[in-house]
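Structure first, commentary second.
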Amino acid sequence: MKQQRLGFVGLGDDTASACLSMLKIMDGRSGISWSLSDPDAADVLMVANESTDETRRWEHTSKPRIVVYHHNEPKPSASHVLQHPFRVMQLLSVLEDVASLLAPTQSQTPLKTDLPPSSIQAGAEAADVGEFWDSLHELLYGDFPAAAHWYVAQSDEGELWLDARSRRFMADPLLLKRMMHHNIRPGVLRACNAPATEGAVACSLFAMSWMITPHLPAGLSSWISADSAFQLLRWPSFGSLAKSRSDLTLCALLTKKALTRDQVLSLSQAAEDDTDRFINACAMSGLMRYDKADLQTLPGVSAEAAGSRFGGLIKGLRSRLGLSA
Amino acid sequence: MTEGEFKIIFTGPMGAGKTTAITALSDQECVSTDVVNTDLEQCDKALTTAALDYGHIDIPGASGVRLYGTPGQERFRFMWPILASNAAGVIVLLNGQHPDLDEHLSTFVDAFWEGGRMPMVIGVGRLSDDDFFTIDAITEALVERNINPPVLSVDVRRKDDVLLLVEALLCQIEVNELGLAEA
Ligand SMILES: Nc1nc2c(ncn2[C@@H]2O[C@H](COP(=O)(O)OP(=O)(O)OP(=O)(O)O)[C@@H](O)[C@H]2O)c(=O)[nH]1
Ligand SMILES: [Mg+2]
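Protein chains in written order, with the numbering used here: chain L, 1 to 325; chain C, 326 to 508.
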């Protein structure tokens, strides 16, 4: 990973420390690892908007500057600005902008395995979304993991770009919105040049998987053995994605315990299609462990409640709140 | 605990939306003790809850569900364990735009998580719809510490979002009732 140094000029302690903890969260999520340095040695400066001796000293530096201004101040005219208080997302985005200035040639170096996207025949054949799915799995988990940084899948309605390093997709926000409800049928992922991602937004691997899985053929994906024991490492981030009661139950159940598909079906009372979709999406996004079931260590489970603490109260509450029973 | 008592705690820093969420659910007027906020440094809003919020959901044939909101100001922290004892679950509300989000996260999660015994949901407000990143970052920071409650992006001014938090909590409580947890 690329190392870059960030220097603070004239920022309050609270801003600097919020920024540092955000950088810690971000570590490993962008292509660059940021560390703190003094302004002289820094590659990029974060500068307070106030005019002080300290900030004036760095007014005409050749280093890229991110000007931090307070929400009740007018927006400064600098090309990189950040309004305080800011969120991780905003910090990440301005740092990514600045980083692209630091290494303007790097992302344009053609990759050995490249096929320029334009040479892929558009609309030649209605794509089978299963091929997209299998190619994604091959890239992320196959014997020959992704060699390139960027991959693209053509769909009926636009391109999906995969950043194989951060395991995130980039696409036009309107396309992503449409994907929530429609099958846009992306085809096989192929290596490509770094895309012009201006105006594109990122989409997590889970979100992409969640949007694709309803359009896959029924059943578990071919690389998942039906007699596995499944365990969810953490709750997926649904964000604004549609999720049902049974999806939440599957999360609660599988974060608690490794279970076979049959056990999941009987305990959750979720439909088979919903369960398979859940497993497929979580497995693709690396959130699901699936090992060969060791039947000895699995609990003997029955859907019968084991001495319920709350009795019928939860049912009563559900019906009072109009939640599905 | 008394058979039939069911208590849900709403916690989180000042201004995260505890009073708003309880008001959305409660059958009775939510009993808040909002006073003029003199702690504008911690949060820039006019009213804050000084003692606690209390709401109630009536359930026919049972004693109903009690909803408690912890006061947001840290100086009332001594009340947290008192409120948490015997709770069925905790809903942690956070302001996703707050610069001290990380600190809030550990303060409130650590105070109520009880090594995973307490069913918990984290609702993060004031995020844009497509901000998967903040949610993922929070989730991963917790997972690193072996803490894995659901983290959901919500706007508690929308009742459906509050119901989603309750739903995610109930699903966990129901799974616990299956008696799988300890195995
Ligand atoms: N824009 C936006 N506003 C929100 C959101 N959630 C809550 N609010 C608003 O934030 C304000 C504070 O909410 P409260 O419910 O008073 O917060 P609280 O947690 O009870 O705060 P304390 O009692 O001071 O601890 C209210 O005006 C809410 O309408 C959100 O997701 N987005
Ligand atoms: Mg309040």
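We put the beta carbon where it would ideally sit given N, CA and C, even for glycine.
When C-beta atoms of the region 197 to 209 of chain L are compared with those of the region 263 to 273 of chain L, fewer than three pairs fall below 8 angstroms, so the two segments do not count as touching. In the three-state DSSP reduction, L:Ile212 falls in the helix class (H, G or I). The beta carbons of L:Ala148 and L:Gly187 sit no closer together than 8 angstroms. The Cβ of C:Gln497 sits closer than 8 angstroms to at least one Cβ of chain L. Secondary structure of L:Ser222 (DSSP, three-state): coil. For L:Leu102, the closest alpha carbon among the candidates L:Ser319, L:Pro195, L:Ile32 is that of L:Ile32. Only buried fits L:Tyr151, as 16 or more other CB atoms lie within 10 angstroms of its CB. Scanning the region 164 to 219 of chain L from its first residue to its last, the whole alpha helix (DSSP H) runs of 4-plus residues come out as 173 to 179, 205 to 212. Below the 7 angstroms Cβ cutoff, chain C contributes Leu495, Ile498, Glu499 as neighbours of L:Ile314, in chain order. L:Arg185 is not a Cβ neighbour of L:Val98, given a cutoff of 8 angstroms.
Within chain L, no C-beta atom comes nearer than 7 angstroms to that of C:His381; the closest sits roughly 11 angstroms away.
DSSP places L:Glu50 outside both helix and strand once states are collapsed to three, so it counts as coil. Nearest Cα to C:Leu452 within the set C:Val487, C:Leu419, C:Val446: C:Leu419. L:Lys177 and L:Leu241 have their C-alpha atoms spaced approximately 10 angstroms apart. Counting C-beta atoms within 10 angstroms of its own C-beta, L:His80 has 16 or more neighbours from the protein chains shown and is therefore classed as buried. Listed along chain L, the residues sitting closer than 9 angstroms to C:Ser478 by beta-carbon distance are Ser237, Phe238, Gly239, Ser240.
Below 8 angstroms, enough C-beta pairs join the region 346 to 354 of chain C and the region 378 to 395 of chain C to call them touching: three or more. Boundaries of the alpha helix (DSSP H) harbouring L:Thr249: 245 to 256, taken from the DSSP string. At least one CB of chain L lies nearer than 8 angstroms to the CB of C:Glu492. Per DSSP, C:Trp405 is one residue of the alpha helix (DSSP H) stretching across 405 to 409. Not one heavy atom of ligand 1 falls within 7 angstroms of the beta-carbon of C:Leu377. Taking a Cβ-Cβ threshold of 9 angstroms, the residues of chain C close to L:Leu267 are Val500, Leu503, Leu505, in chain order. In the three-state DSSP reduction, C:Val476 falls in the strand class (E or B). In this structure, C:Ala413 keeps its C-beta atom at 8 angstroms or more from the C-beta atom of C:Ile472. Taking 9 angstroms as the cut-off between beta carbons, none of the residues of the region 279 to 296 of chain L comes near chain C. The Cβ neighbour count for L:Arg87, taken over all protein chains shown within 10 Å, is at least 16; the residue is labelled buried. In terms of side-chain proximity, the C-beta atom of C:Gly394 is found nearer than 7 angstroms to a non-hydrogen atom of ligand 2.
For ligand 2, a non-hydrogen atom lies closer than 7 angstroms to the CB of C:Lys343.
If you check each beta-carbon in the region 417 to 451 of chain C against every beta-carbon of chain L, the ones closer than 7 angstroms belong to Gly421, Gln422, His423, Pro424, Asp425, Asp427.
Closer than 7 angstroms to some heavy atom of ligand 1: that describes the Cβ of C:Arg451. Put simply, the CB of L:Cys251 is near chain C, with a gap under 8 angstroms to one of its CB atoms. Flagged as an interface residue toward chain L: C:Leu488, by a C-beta distance shorter than 8 angstroms. C:Val481 has its Cβ nearer than 7 angstroms to a heavy atom of ligand 1.
For C:Val446, the closest of L:Gly322, L:Lys315, L:Ser166, L:Pro236 by C-alpha to C-alpha distance is L:Pro236. Nearest neighbour of L:Ser222 by Cα position, chosen from L:Ala194, L:Trp133, L:Ala78, turns out to be L:Trp133. If you check the CB distance, L:Arg289 and L:Leu248 do not come in under 8 angstroms.
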